[in-house]
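Engineer:
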Amino acid sequence: MANAHDVGFVDFSSTQVPLVENYQDRPVKSLVLCCIELATGKRAIIEPGQKLTLGAHELRLDARNCVQAKLPLKDDLAYIPFQRFLAGDIPANLIQGKVVIVGYDGPKMHSISTPIGQVRAHRLFVYELQSIYEQLCN
């Protein structure tokens, strides 16, 4: 933890994405919020149960500090297989300046029921992260 950029928590089972969660009765940032702060280089200002402000942008939070994510029409996430990344055959311009998320996406990963069907957990996390980022930064 001492060498990590940040520490965030993930606890989701739907498209209601928590941006602040409770850990040992204390509010903590979710992994989604940590990723958005890292990608933008800005710290969020959180008013629990009301809103989250990031620079000039804000998102309304529900009473549970959640935001509704919008999923794509179908589960068609494009990604770079980790073994290709490790082999070094990925052009640098595909990853330079980007936040890289490493996650297992094999057939043994548990799936979550969504409006677009069963989606494996790490894929759902990426879709939700992208949706919240777009809502907050566009």
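The sequence shown runs 3 to 140 under my numbering.
Glycine included, each C-beta is placed from N, C-alpha and C at the ideal position.
What does the alpha-carbon distance come out to for the pair Pro50 and Phe84?
Structural biologist: For the purposes of this step, residue 50 is taken as the residue at position 48 of the sequence shown. For the purposes of this step, residue 84 is taken as the residue at position 82 of the sequence shown. Rounded to whole angstroms, Pro50 to Phe84 spans 37 angstroms at the Cα level.
Engineer: Once DSSP output is grouped into helix, strand and coil, what is the label at Asn95?
Structural biologist: Position 93 of the sequence shown holds residue 95. In the structure shown, Asn95 sits in a helix (DSSP, three-state: H, G or I).
Engineer: Hey, how far is the Cα of Asp64 from the Cα of Gln18?
Structural biologist: Position 62 of the sequence shown, counted from the first residue, corresponds to residue 64. Position 16 of the sequence shown, counted from the first residue, corresponds to residue 18. Whole-angstrom Cα-Cα distance: 9 angstroms.
Engineer: Please determine if the segment 42-56 and the segment 110-118 are in contact, where contact requires at least 3 C-beta pairs separated by less than 8 angstroms.
Structural biologist: No: the two stretches stay apart, fewer than three of their Cβ pairs being nearer than 8 angstroms.
Engineer: Run the CB neighbour count on Ser133, radius 10 Å, all protein chains shown included, and call it buried at 16 or more, exposed below.
Structural biologist: Here residue 133 refers to the residue found at position 131 when the sequence shown is read from its first residue. Per the 10 Å Cβ criterion, buried.
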